[in-house]
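*Asks:*
Residue numbers (my numbering), protein chains in the order written: chain V, 111 to 235; chain B, 1454 to 1590.
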């Protein structure tokens, strides 16, 4: 199942539409890392609202993806982790260390706006 | 054992199928949404274990009754290489593959009962159960 990636200004938004297989997740990771470079994006939002399971593989892949995107100079926010999924991740011992999360797409966009503007101010632009 | 359902496991695609089937089977028993997610996640971990280490195997789901309690029993079986040191494999962070090493110990935490039998060269069988909480809602 392909995950559509929308470009909105400086940001890329990937909205997961259905359960993903391991291969789909890896493809999403590769596509996003590639497009960040292609579009010179500053921020990436991955919306996982529809995922009813985030197991060790999904968590590891999303974390790796966020780190790769960071190395390309952009920020990643994972939005929409369901309460049940959060509960299960914690019980499983999974952590999304070093990855920003937000409640939903709107909060995610606000978080990116905030961080990127702040960064620009520091640079004096 | 009333209506056991078995799903052959031979590729990572079967992981998604297996956990969806698990959720479907557990839902009518009266599990909460959170419990259904825990069951589906535990299934995901044990099936991934089959795909990663044994390449193929089988996941079976069934409803269990014991006195007046009901639950779901999940059995993951393969004829893979087996686990030489189960104690080590059940430790958080231990992995001989490329995973985080949270799969098996994690699955155990998500379920109520968890048993693992393994013989090197012959395969592994994991049996796990989750009971419907009587007082839940």
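We put the CB at the ideal spot given by N, CA and C, even for glycine.
Computed from a predicted model, the values in this text were never measured in an experiment.
Please identify, using Cβ separations under 8 Å, the residues of the region 1471 to 1496 of chain B that lie next to chain V, in order along the chain.
*Replies:* Hits within the stretch, in order: 1472, 1473, 1476, 1486, 1487, 1489, 1490, 1491, 1493, 1494.
*Asks:* If you draw a straight line from the C-alpha of residue 1524(B) to the C-alpha of residue 111(V), how long is it?
*Replies:* Start at 1 with the first residue of the second chain, and residue 1524(B) comes out as number 71. Start at 1 with the first residue of the first chain, and residue 111(V) comes out as number 1. Roughly 32 Å between the two C-alpha positions.
*Asks:* Quickly, what does DSSP pair residue 52(V) with across the bridge? List them, please.
*Replies:* Any answer about residue 52(V) is impossible in this case: the structure gives chain V only from 111 up to 235.
*Asks:* May I ask you to verify whether the region 1456 to 1464 of chain B touches the region 1512 to 1526 of chain B, counting CB pairs closer than 8 Å and requiring at least 3?
*Replies:* Touching, yes, given that three or more Cβ pairs across the two stretches are closer than 8 Å.
*Asks:* What does DSSP give as the partner residues of residue 1522(B) in its beta bridges?
*Replies:* Numbered from 1 along the second chain, position 69 holds the residue referred to as residue 1522(B). 1519(B).
*Asks:* Run down chain V in chain order and give the residues with a C-beta less than 7 Å from the C-beta of residue 1466(B).
*Replies:* Position 13 of the second chain, counted from the first residue, corresponds to residue 1466(B). Simply 131.
*Asks:* Going along the region 188 to 207 of chain V in order, which residues come within less than 9 Å of chain B, judged by CB to CB distance?
*Replies:* Correct list: 192, 193, 194, 195, 197, 198, 199, 201, 202, 203, 204.
*Asks:* By the 9 Å beta-carbon criterion, what residues does the region 158 to 187 of chain V contribute toward chain B?
*Replies:* Residues 162, 163, 164, 165, 166, 167, 168, 169, 170.
*Asks:* Three-state secondary structure (DSSP) at residue 1567(B)?
*Replies:* Position 114 of the second chain, counting from 1, holds the residue named residue 1567(B). Here residue 1567(B) sits in strand by DSSP.
*Asks:* Strictly below 8 Å CB to CB, what residues from chain V border residue 1545(B)?
*Replies:* Walking along the second chain from the start, residue 1545(B) turns up at place 92. In chain order: 203.
*Asks:* Can you pull the chain V residues whose beta carbon is under 7 Å from the beta carbon of residue 1512(B), in chain order?
*Replies:* Your numbering for residue 1512(B) matches position 59 in the second chain. Residues of chain V passing the Cβ test: none, with the nearest at roughly 14 Å.
*Asks:* Measuring only the C-alpha atoms, how far is residue 1559(B) from residue 1483(B)?
*Replies:* If you number the second chain from 1, residue 1559(B) lands on position 106. If you number the second chain from 1, residue 1483(B) lands on position 30. Going by the C-alpha atoms only, they are around 23 Å apart.
*Asks:* Along the chain, where does the beta strand (DSSP E) containing residue 118(V) start, and where does it finish?
*Replies:* Indexing the first chain from 1 puts residue 118(V) at position 8. Segment 115 to 118, the beta strand (DSSP E) holding residue 118(V).
*Asks:* With 8 Å as the threshold, decide whether the Cβ of residue 1541(B) is near any Cβ in chain V.
*Replies:* Reading the second chain from its first residue, position 88 is the one you call residue 1541(B). By this cut-off, residue 1541(B) is not an interface position.
*Asks:* Please look up how many angstroms separate the CB atoms of residue 146(V) and residue 188(V), rounded, as I've assumed it's under 8 Å.
*Replies:* Taking the first residue of the first chain as 1, we reach residue 146(V) at position 36. Taking the first residue of the first chain as 1, we reach residue 188(V) at position 78. Actually they are not in contact, since the Cβ atoms of residue 146(V) and residue 188(V) sit about 15 Å apart, beyond 8 Å.
*Asks:* Check whether chain V comes within 8 Å of residue 1533(B), counting only Cβ atoms and requiring the distance to be less than that.
*Replies:* Position 80 of the second chain, counting from 1, holds the residue named residue 1533(B). Answer no: the Cβ-Cβ gap between residue 1533(B) and chain V never drops below 8 Å.
*Asks:* Sort 1475(B), 1474(B), 1502(B) by Cα distance to residue 1536(B) and report the nearest one.
*Replies:* Residue 1536(B) sits at position 83 when you count from the first residue of the second chain. Cα-wise, what sits closest to residue 1536(B) is 1502(B).
*Asks:* Enumerate in chain order the residues of its own chain whose CB-to-CB distance from residue 1561(B) is below 6 Å, with the five nearest sequence positions on each side excluded.
*Replies:* Position 108 of the second chain, counted from the first residue, corresponds to residue 1561(B). Result list for residue 1561(B): 1567, in chain order.
*Asks:* Suppose the cutoff is 7 Å on Cβ atoms and the five residues either side in sequence are ignored; what does the same chain contact list for residue 142(V) look like?
*Replies:* Along the first chain, read from residue 1 onward, the residue named residue 142(V) stands at position 32. Cβ neighbours of residue 142(V) beyond the five flanking positions: 115, 122, 124, 154, 175, 179.
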